[in-house]
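This note's numbering puts the sequence shown at residues 1068 to 1375. I have placed the structure first, in the form of structure tokens, so that the comments after it can refer back to it.
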Amino acid sequence: MPRFLVIQSARLGDLVQTRRLLLTLAERGETHLAVDTGLVPLARVLYPFARLHALPLYTRDAAAAARQAGEVLHAWHELDFTAVYNCNFSSAGTSLCRLFAPELVHGYRPGSGGPERSPWARRAFRMTEHRACGSLNLVDYWGHFAPDPIAPERVNPPAAGGGAGLGVVLAGRESRRSLPVPLLARIVRTLHDLMGGPRVRLLGSAQERPVARRLLRELPARMLGNVEDLSGKTDLPALVEAVRGLDRLVTPDTGIMHLAAALGVPVLAFFLSSAYAHETGPYGVGHTVVQADIPCVPCLESAPCPRG
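What follows is the structure, encoded as structure tokens:
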């Protein structure tokens, strides 16, 4: 039986967006998935068919990281992989691929001058050189690392409300991607009333707790009894359960947005500044995206904004 290894060395949203590739490979052979140690609980829920390999990608304990990485590499050495799919242009993930023959590695592999792209990755980057004219979603980019991936409609279920109320992702990782709190409060209040007054779950990490407090101050008193602030209170399995079954999720471009799409939750997504719906929009049918449309969109997060 063919045996495949997927190395996904990025964060939560990227792990979810690797779904088309992983589902494709699972139909063709034994599938292995390497992710950061912290994402293993989520990977176990999303991809129960995959054998997981925990990589110490974001730890500061260099000695422990070296031991753990050594154990992973030893396990890989004992496995005869038919193909290896390295999803990220990173020195960490690419260095791991030195264990394999270059012709087995798809996506990003070691080269004489650093990481280099395999043929499909080079072609895709030419297609998306002008981002505002591109239409290649990241799910499809990674999906086509394997030939003839499964049909797009098989990746995520059609979005349909599950009766658990309204979810609100408080902010994105980059502030420019996030709605101002007063505007977010107006949207949440309007949706709450249109939906007949459902329960509201505020979602985010501990870093978003101040945003949650500001949002609660902006909401009318009549709503507060319906609002549950879960910011900083959920590990990854608990986050899955908090999102599963929602009637709608309001969010910027975030990993939670991709998780909701994978769980069949209807998404109302706001794409601002560097976030671009064609590239990283919620995958599947039944979602709504509001895309900022000004001449400088999409921009680079690493560059200061000339518009303030």
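Ideal Cβ positions, reconstructed from N, Cα and C, are used throughout, including at glycine. Note that this is a predicted model, so its numbers are computed, not measured.
With contact defined as three or more Cβ pairs closer than 8 Å, the region 1216-1230 and the region 1347-1366 are in contact.
Excluding sequence positions up to five before and after Val1255, its CB lies within less than 6 Å of the CB of Val1235, all in the same chain and listed in chain order.
When Cβ pairs closer than 8 Å are counted between the two stretches, the region 1074-1083 is seen not to touch the region 1186-1201, the count staying below three. Counting C-beta pairs closer than 8 Å gives three or more between the region 1264-1280 and the region 1289-1300, which meets the contact rule.
The DSSP assignment places 1158-1163, 1186-1194 and 1205-1210 as complete runs of the alpha helix (DSSP H) inside the region 1151-1235, in order along the chain (cut-off: 4 residues). Taken through DSSP and simplified to helix, strand or coil, Thr1104 comes out as helix.
Leu1233 sits buried, since 16 or more C-beta atoms from the chains shown fall within 10 Å of its C-beta. The C-beta of Gly1348 has 16 or more other C-beta atoms within 10 Å across all chains shown, which makes the residue buried.
For Leu1270, DSSP records a beta bridge to Val1236. When only Cα atoms are considered, Arg1221 and Ala1344 end up about 20 Å apart. Following the DSSP letters along the chain, one finds Asp1320 in no beta strand (DSSP E), marked with neither H nor E. If you compare the alpha carbons of Gln1274, Asp1215, Arg1118 and Leu1261 with that of Ser1242, the shortest gap goes to Gln1274.
Remark: three or more beta-carbon pairs, one from each stretch, lie closer than 8 Å, so the region 1306-1318 and the region 1326-1344 are flagged as touching. For Asp1360, the secondary structure class from DSSP, reduced to helix, strand or coil, is coil. Judged by DSSP secondary structure, Asp1081 falls within the alpha helix (DSSP H) whose first and last residues are Leu1079 to Gln1084. Counting of Cβ neighbours within 10 angstroms places Ile1323 among the buried residues, the total reaching 16 or more.
For Asp1296, the uninterrupted beta strand (DSSP E) segment begins and ends at Val1294 to Asp1296.
CA-CA distance, Leu1140 to Pro1123, rounds to 12 Å.
About 5 Å separates the Cβ atoms of Val1307 and Val1112, confirming a contact at the 8 Å cut-off.
With contacts defined by Cβ atoms closer than 8 Å, Leu1088 and Val1102 do not form a contacting pair.
When DSSP states are grouped into helix, strand and coil, Val1352 belongs to the coil group. The distance from the Cβ of Gly1096 to that of Phe1116 is about 11 Å, inconsistent with a contact at the 8 Å cut-off.
Assigned with DSSP and collapsed to three states, Leu1283 falls in helix. Between the region 1171-1190 and the region 1143-1158 there are three or more C-beta pairs closer than 8 Å, enough to call the two in contact. Where Ala1117 is concerned, there is no enclosing alpha helix (DSSP H), because DSSP gives it neither an H nor an E. Under the DSSP assignment, Ala1336 falls in the beta strand (DSSP E) whose first and last residues are Val1334 to Phe1338. In the three-state reduction of the DSSP assignment, Thr1347 falls in the helix class, which pools H, G and I. Looking at the DSSP output, Arg1315 shares a beta bridge with Leu1233.
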